[in-house]
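Structure, as structure tokens:
In the UniProt record's numbering, the protein residues as written are 1 to 618.
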């Protein structure tokens, strides 16, 4: 397409190239035929091939310049050839050299996103996704599993210009766009051959939001409409994989030269160079051709919206009520025979911020499950929830964690990057806060900041990122479940006290036997589909039902105006909404409203009894 455009400058080849890939990816089963960076080890993927990556935008770097079009000259024949620099990190010259003085050079701009796998994605999601993974061509299978990309490139005899032939053009400044050698990725021309990455990677922080995360991070190069993307968006990116060893050489080369470089020649610090130009064998580059927003990361659901899959939606809705009954029974056993708490747990797991009115997030339903018996019980409860939701994270609220963990992302101005924090999560992540882990002691300044951040997340569904001199609000959509012994020190939308109907002699054996006896793979998958679909359904209230709810509210306040507040009404409306959706109903019925009032009355009655028995809890 680029070659054809030379005879017709108005051909619009760049738009045609993007449309070509978009059209082909719309074909049935086309997306599944593209290998995924999430599932296939990096060393099995061929450079310059089409791959996809399911990810979260963790950071956005400054725009960079690159040579979109450049001209090469054969030293022997003096023949000139125009080449395309788009979707590449290094020039392809063979024995030719780049003519930096050519009038045909076109300098263009692109944006770079630092992307990481979706934080907290659970093992069952990765397992199901990898079952349908594409096995790369056997013609490129490495001879040994741990071989580096540098060796792969040498053996593949690629068309890229040998590094030793790339000499800086005399008289050009280090920051000249054309000396970026067709990539702009590191603001200089690569001049040395690849060397061992041990020294430069030993200190490389891949900046995953959650501790202990594994998987590839990636520098995604975006060529158009980058203003459409926001920090923390979840995407499935289709693009061209770039793992040039020239990029991997930069970390060592720049480390060695930074101590003798003239500071006026480069505005980047050594730390910034390491962060923005990590070895490509660890952090590959992905040149975006197309990106699809990820509305959910449940591999059991169609990737497109539910409305576009009417057959799947109708068959799922027809089974919602029966699956709900099975899930309610399962949760009742897990919650020691407490059916009311089990009902509220279902409502919590399908809650979703569907809209915002001014600063108020609508639809959130943070649940405080108090009265939990032991720490081992709450850990086991998390493991059970982890088996049902696509993304989750367990945060034990011990003093040590609260005083030492970085929950809020913070701008690192030395490295010019956003240092991630635990609360930089994708939407619909289930955050499990275990307050039973909190022992007596003193919260320090960091601890107070962390508890405040959790409170803001719960109340406003936002996290204030720390930019040193100011804070910046980032809205989020995270399901927060707080388990505690007494009433939580954190705010919540609803508290229910666990009322055990059974007292097992061995808690671990009891929970394990329920899990093993009740759950088969097909049963678990039914629950997983149910919870995701219920969360994604649309919902409305008719004018008739609105009038009926208003009349009920007036009647409830007639005898005792203090008995029901506006806050109580709001909570009951949220419960009614979630009850309807849990049954597969997309509008509020009279029965669902009455049921919502009934279970709220039972819950409040239980809380009053608990207060009378135990005195007023702090």
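A virtual CB, placed ideally from N, CA and C, is assigned to each residue, including glycine.
This one's a predicted model, so the numbers in the text were calculated from it and none came from an experiment.
In this structure, the beta-carbon distance from residue 511 to residue 586 does not fall below 7 Å. In the DSSP assignment, residue 354 is bridged to no other residue. DSSP places residue 330 in the uninterrupted alpha helix (DSSP H) bounded by 310-334. When the beta-carbon positions are compared, residue 596 and residue 576 come within less than 7 Å of each other. A distance below 6 Å between beta-carbons, with the five flanking residues on each side excluded, links residue 355 to the following residues of its chain, in chain order: 362. Boundaries cannot be given for residue 365, as no alpha helix (DSSP H) includes it and DSSP labels it neither H nor E.
Contact check for residue 497 against residue 371 passes: the beta carbons are separated by less than 7 Å. Take residue 459, set aside five residues on each side of it, and the residues of its chain with a beta-carbon closer than 7 Å to its own are 491, in chain order. Inter-residue distance for residue 564 and residue 239 is about 56 Å (C-alpha atoms, whole angstroms). Relative to the Cα of residue 420, the nearest Cα in the group 455, 114 and 97 belongs to 114.
DSSP places residue 115 within a strand segment (E or B) once states are collapsed to three. In this structure, residue 493 places its C-beta atom within 7 Å of the C-beta atom of residue 365. Residue 495 is bridged by DSSP to 368. Here residue 612 is exposed. Its C-beta has fewer than 16 other C-beta atoms within 10 Å.
In this structure, the alpha-carbon of residue 374 lies about 12 Å from that of residue 506. Burial is judged here by how many other beta carbons sit within 10 angstroms of a residue's own beta carbon; residue 544 has fewer than 16 and is exposed.
Where residue 38 is concerned, there is no enclosing beta strand (DSSP E), because DSSP gives it neither an H nor an E. Assignment of residue 383 by DSSP, reduced to helix, strand and coil, places it in the helix class. Secondary structure in the stretch 446-507: the beta strand (DSSP E) runs of 3 residues or longer, each lying completely within the stretch, are 462-466, 471-475, 479-483 and 494-497 in chain order. Straight-line measurement puts the Cα of residue 381 at about 8 Å from the Cα of residue 334. By the 16-neighbour rule on beta-carbons within 10 angstroms, residue 342 is buried.
In terms of Cα proximity to residue 230, the closest of 39, 274 and 427 is 427. Take residue 467, set aside five residues on each side of it, and the residues of its chain with a beta-carbon closer than 6 Å to its own are 411, in chain order. Looking only at 560, 558, 455 and 588, the smallest Cα-Cα distance to residue 572 is reached by 588. Note that the C-beta distance between residue 89 and residue 73 is not below 7 Å. In the three-state DSSP reduction, residue 513 falls in the helix class (H, G or I).
Here the alpha carbons of residue 67 and residue 384 stand approximately 52 Å from one another. Under the DSSP assignment, residue 80 falls in the beta strand (DSSP E) whose first and last residues are 80-84. For residue 425 and residue 224, the gap between their C-alpha atoms comes out near 26 Å. The way I'd put it, the stretch 469-484 doesn't touch the stretch 303-322; fewer than three beta-carbon pairs between them come closer than 8 Å.
For residue 271, the enclosing alpha helix (DSSP H) has its first and last residue at 270-276. Distances from the alpha-carbon of residue 122 to those of 602, 390, 290 and 461 put 390 closest.
Counting C-beta atoms within 10 angstroms of its own C-beta, residue 434 has 16 or more neighbours from the protein chains shown and is therefore classed as buried. Each of 602, 548, 508 and 461 was checked against the Cα of residue 499, and the nearest Cα belongs to 602. In this structure, the CA atom of residue 437 is about 5 Å from the CA atom of residue 397.
By the CB criterion at 7 Å, residue 57 and residue 233 fall inside the cutoff.
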